[in-house]
Structure formats: structure tokens, C-alpha cells
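Notes to accompany the following structure.
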Amino acid sequence: MENSQDLLIITGSYGSGKTEYAVNLAVEKNQGGAPTTLVDLDVVNPYFRSRDVRDQFSSLGIEVVAPEGAFTHADLPMLSPRVKGAVKRTDRTVILDVGGDPMGARVLGRFSQDIMARAYSMALIVNTRRPETEDLEKVLNMAAMIQRASGLQITELVANSHLMEFTDTDVVVEGIAAAREAAGALNAKFTRVCVLEDHLDNVDASALDAELVVLKKFMKKPWEPGCRKAYRC
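Each residue of the sequence shown is one higher than the one before, starting from 8 at the first, in my numbering.
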């Protein structure tokens, strides 16, 4: 586990589950006693954005840095001063939720000098059941693109292979093997595998040779029960 006042960057392709992981990680750190800030830097994904848990997290004492009010659906340029300020907060655990695409990596790169001025880790969330990361070559290509565009180093891979309600032990075990192989090729660490709590009954936890992180589902699509927003949840 990371130290309390680290800067933690979470990235991954669409469908990787990286926002769900970032949101759950913020809760984990906060419950562990670390003052926590979650920064939404995902400018692409229209459905799953960490900014959508702002009200819920406020009651828990977790700060969410994201567009507010009339600017909730705006892009990030206007957020730069607030993001820069959050990145420099060494008295808090700061988690950056970043899109794993060229635009997301370039947005992250705008803050690379401030990020490199302090300790940081960057985790790539890998779902081998998505076409962008379905094999080793594609995972490595994505990692290279993110590192090149952001000017930062991926330090960790997290396995999050799933097929939604069709997730089973074989899917998760396959994801662990793929993430471990990619981590070795990138000289990065691999320790964690994620399973959504809704899918846990379909997975044999004893077959997973990695630290199991059970994810609570915070993100909902607009058409799912419990979504309060017209455009995304």
C-alpha cells in the first residue's frame, strides 16, 4: 500500500474500471485516516466521472476537485489552478483520475513538473476483455503512449479484467496473468486485482494469487437505477 501523503495517478482505457478504482481508493485512504483529495482529470468519458460522487464524498470528508455548478460538464482548462494547487498539497493523499487516451495523457502532462517535484505513483488499470488492452502488445502500446504524452512513468499495473455480470474466476485469473506479464515488461510492480462486489459470488478468491480489492460500485450509467443525472452518473 502507498504512503498516506503520496500522489496517486490512476489511468486506463474506457471500460477498464479506472474511475471505479480511483473512487474506491479515495474511500480506502480516507478510512485509513489520510486526508484525501480526488481530482477528476478525465475529459473524455461521458458516463463514468469521479466528479459525480462529489456530494456523497463531501459527507465523508473527501475533497473532490472538479467543475462545479454550471461548469459541471465543462472541459478541464479552467480547472488548471485548482488542479495545480491540489497536486502541491503534500499534507494530503491526492488521487488523480486520468483518461487513458492521448488527450487525457496530455492533460496530465500539463502538471508533470509539479508531479515530479514530489513522490508519486501511476497505476494503469488493465481489463483484458476490452479491445484496447486485450493482449500484451496493446497494453504496452497504451502504456508507451501515456508515458510519452504525460512525461511520467507508469509504476504499477492493476488487474481489473471483467465481463460485467458474466465475470467469473477464469476471466479474473487470465487478467492477473496478463497484468503481471505487462508489469514485468514495463519494469513496474503488480500486486492488486479488482473484483466488483456484485461479481464476488462468481469468483473463487482462493484462486487469485494477488491482493484482492473488492470494489463497491459507485459509478452508474444514466439508464441504471439510482442514477440521478440526466447525462451521466
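Glycine included, C-beta positions come from ideal geometry on N, C-alpha and C.
Work out the CA separation of residue j and residue i for me, nearest whole Å.
| i | j | result |
| --- | --- | --- |
| VAL101 | SER87 | 15 Å |
| PHE55 | GLY106 | Any answer about PHE55 is weak, because its pLDDT of 40 lies below 50 and its placement is not dependable; what the coordinates show is given next. C-alpha separation (whole angstroms): 11 Å. |
| THR97 | LEU115 | 18 Å |
| LEU14 | LEU170 | 30 Å |
| GLN63 | LEU48 | 19 Å |
| MET110 | LEU215 | 34 Å |
| ARG136 | ASP142 | 9 Å |
| ALA41 | ARG125 | 17 Å |
So what's residue i in DSSP terms, helix, strand or just coil?
| i | result |
| --- | --- |
| SER23 | coil |
| LYS129 | Looking at the sequence itself, residue 129 is Met, so the reference to Lys does not match. Note: MET129 maps to strand in three-state DSSP. |
| VAL202 | strand |
| ASP208 | helix |
| LEU193 | helix |
Around the C-beta of residue i, are 16 or more other C-beta atoms found within 10 angstroms, so that it is buried, or is it exposed?
| i | result |
| --- | --- |
| LYS236 | Legend: pLDDT at LYS236 = 43, less than 50; position of this residue unreliable, no value from coordinates given. |
| GLU204 | exposed |
| ASP104 | buried |
| ALA77 | The predicted model places ALA77 with a pLDDT of 44, which falls under 50 and marks its position as unreliable; any figure quoted below should be read in that light. Exposed is the call here. |
| LEU131 | buried |
| LEU32 | buried |
| LEU67 | exposed |
Tell me whether the beta-carbon of residue i lies closer than 8 Å to the beta-carbon of residue j.
| i | j | result |
| --- | --- | --- |
| ILE16 | MET129 | yes |
| GLY24 | ASN148 | no |
| VAL165 | TYR28 | yes |
| ILE117 | ALA156 | The question names Ile, yet the displayed sequence has Arg at residue 117. No. Outside cutoff. |
| VAL30 | VAL46 | no |
| ARG187 | VAL220 | no |
| THR43 | ALA93 | no |
| GLY19 | VAL90 | no |
At least 3 beta-carbon pairs within less than 8 Å: the segment 167–185 vs the segment 206–220 | yes
Evaluate the contact criterion for the segment 190–197 versus the segment 157–164: three or more CB pairs, one atom per stretch, below 8 Å.
-> yes
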